[in-house]
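**Student:** So the sequence shown is numbered by numbering that gives the first Met the number 0: it starts at 0 and just counts up by one. Sharing a structure with you now.
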Amino acid sequence: MEAMTSQSVCPKCGGVGWTIVERANISGAEPCSCRSEGYASRLEERAQIPPLYRNSAFDNFEAPPGDYDVGAAELRRVLSAVRNYADEFPLGPRPGLLLVGETGTGKTHLAVAALRRIVAKGFEGLYCNYQTLLNSIKAGYDPVSNSSDREAYRAALDTPVLLLDDLGAHRVTDWVEDTINSIITQRCDNRKPLIATTNLPDPDAGGALAQRTALPEYRRTLADHIGGRARSRLFEMCVVLKMPAIEDFRVRKAKKR
Numbered sequence: 000m001e002a003m004t005s006q007s008v009c010p011k012c013g014g015v016g017w018t019i020v021e022r023a024n025i026s027g028a029e030p031c032s033c034r035s036e037g038y039a040s041r042l043e044e045r046a047q048i049p050p051l052y053r054n055s056a057f058d059n060f061e062a063p064p065g066d067y068d069v070g071a072a073e074l075r076r077v078l079s080a081v082r083n084y085a086d087e088f089p090l091g092p093r094p095g096l097l098l099v100g101e102t103g104t105g106k107t108h109l110a111v112a113a114l115r116r117i118v119a120k121g122f123e124g125l126y127c128n129y130q131t132l133l134n135s136i137k138a139g140y141d142p143v144s145n146s147s148d149r150e151a152y153r154a155a156l157d158t159p160v161l162l163l164d165d166l167g168a169h170r171v172t173d174w175v176e177d178t179i180n181s182i183i184t185q186r187c188d189n190r191k192p193l194i195a196t197t198n199l200p201d202p203d204a205g206g207a208l209a210q211r212t213a214l215p216e217y218r219r220t221l222a223d224h225i226g227g228r229a230r231s232r233l234f235e236m237c238v239v240l241k242m243p244a245i246e247d248f249r250v251r252k253a254k255k256r
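Written out as structure tokens, the structure is:
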């Protein structure tokens, strides 16, 4: 029997998670209601969301002020679309979500808010930083690596809902391309949801705003960093949203001080 891990002891079951019931003069045990009440919180603990984003939610996402500012209006549209994805999960048109945009536009906040909303429904999820995940997978090939390193690749394949933050933020090698293509292809083929964020541009990412300069410079794209096959599968399985070109929210906060 599973002992409850909450700080207060349930008065119904005494913390063991089961209650004794009698029906038709027969005694038996059934799960206590406190098991389901604490299930979502235990799932969120196992999701390994970093402390910086642990309280990220749709309600505390701050869009820049200005009812008539195009960037602010577009950001609110993205917020609404991500919330709809999480609310409809798992019955939406596509199992995954991809947020594309510059640093400081709120991609990770929205992605974690979506993951937390999905976990609250009872689905198991896992947050992974892209570079940390690849480093752990690579370390797993070392025979003296610990068990968590060896299990990193399997977790990326098998966890029911995977959040991959900062996709493409790693030096490009054949091994990196093959590894991420394997993870994305496996999840796509088995319709296992993937939520991803990336700072890398993509010409097909939708959005009302695009930064343009008089003399545009070539920037390495998402496909350049993860390969054309993985990028294609991402677009096949994900709702793709482009974050608007707004001021870095960290800079906005610093100006208020």
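The beta carbon of each residue, even a glycine, is placed where N, CA and C say it ideally should be.
1. Buried or exposed: Tyr129, going by 16 or more other Cβ atoms within 10 Å of its Cβ?
2. State the Cα-Cα distance for the pair Leu42 and Gly91, rounded to the nearest angstrom.
3. Under a three-way DSSP split, which group does Asp177 fall into?
4. Beta-carbon within less than 6 Å of Leu221's beta-carbon, same chain only, minus the 5 sequence neighbours each way: which residues are those?
5. With distances taken from CA atoms, which of Ala244, Pro243, Ile245 and Val238 is nearest Ala80?
6. From the DSSP output, in three-state form, read off Ser55 for me.
7. Using a threshold of 8 Å, state whether the C-beta atoms of Arg46 and Val118 are closer than that.
8. Taking the alpha-carbon positions, what's the His169 to Ala85 distance?
9. Distance, Cα to Cα, Arg76 vs Ala154?
10. Please report how far the alpha carbon of Pro142 lies from the alpha carbon of Asp173, in whole angstroms.
11. Which same chain residues end up closer than 6 Å to Phe122 when comparing Cβ atoms and leaving out the 5 residues on each side of it in sequence?
12. Bridge partners for Ile194 per DSSP, in chain order?
13. Tell me, please, which residues DSSP counts as bridged to Lys241.
14. Measure the alpha-carbon distance for Ile19 versus Pro50 and round it to whole angstroms.
15. Between the C-alpha atoms of Ala110 and Lys191, what's the straight-line distance to the nearest angstrom?
16. Which residue's Cα is closest to the Cα of Asn83: Leu114, Thr107 and Lys11?
17. Could you give the DSSP three-state label for Val20: helix, strand or coil?
18. Given a cut-off of 8 Å on the beta-carbon distance, is the pair Thr107 and Asp58 in contact?
19. Helix, strand or coil: how does DSSP classify Tyr126 here?
20. For Ala85, verify whether its CB is less than 7 Å away from any heavy atom of the ligand SAM.
21. Does the separation of the CB atoms of Tyr126 and Gly139 fall below 8 Å?
22. Where does Ile25 sit, in a helix, a strand or coil, going by DSSP?
23. Could you name the residues that DSSP lists as bridge partners for Pro30?
24. Leaving out the 5 sequence neighbours to the left and right, which residues in its chain are closer than 7 Å to Glu176 when beta-carbon positions are compared?
25. Distance, Cα to Cα, Leu156 vs Gln185?
26. Can you say whether Arg232 is buried or exposed, counting buried as having 16 or more other CB atoms within 10 angstroms of its CB?
**Tutor:** On the basis of the supplied data:
1. Classification of Tyr129: buried, given that the 10 Å Cβ count is 16 or more.
2. If I take the Cα positions, the gap works out to 22 Å.
3. Looking at Asp177 - three-state DSSP - the assignment turns out to be helix.
4. Cβ neighbours of Leu221 beyond the five flanking positions: Gly167, Thr197, Leu199, Asp201 and Arg230.
5. Looking at the Cα atoms, Val238 is the closest of the given residues.
6. Ser55 falls in the coil class under three-state DSSP.
7. Note that residue 46 is Ala in the sequence shown here, rather than Arg. In this structure, Ala46 lies near Val118, with their beta-carbon atoms less than 8 Å apart.
8. Between His169 and Ala85, the C-alpha separation is close to 28 Å.
9. Whole-angstrom Cα-Cα distance: 33 Å.
10. Linking Pro142 to Asp173 through their CA atoms gives a straight-line distance of about 22 Å.
11. In chain order, Pro159 and Val160 place their CB closer than 6 Å to the CB of Phe122, counting only its own chain and leaving out the 5 sequence neighbours on each side.
12. BP columns for Ile194 point to Leu96 and Leu162.
13. Under DSSP, the beta-bridge partners assigned to Lys241 are Val99.
14. Spanning the alpha carbons of Ile19 and Pro50 requires a straight line of approximately 39 Å.
15. Distance between the alpha carbons of Ala110 and Lys191: 16 Å.
16. Checked all of Leu114, Thr107 and Lys11; the closest Cα to Asn83 is Leu114.
17. In the three-state DSSP reduction, Val20 falls in the strand class (E or B).
18. No, the pair does not count as a contact, with Cβ atoms beyond the cut-off.
19. Secondary structure of Tyr126 (DSSP, three-state): strand.
20. No copy of the ligand SAM occurs in the structure displayed, which carries no ligand at all.
21. Cβ atoms of Tyr126 and Gly139: not closer than 8 Å.
22. Residue state, collapsed to three classes: strand.
23. Per DSSP, the beta bridge partners of Pro30 are Trp17.
24. Contacts found: Ile225 and Gly226.
25. Cα to Cα, Leu156 sits roughly 7 Å from Gln185.
26. By the neighbour-count rule (16 or more Cβ atoms within 10 Å), Arg232 is buried.
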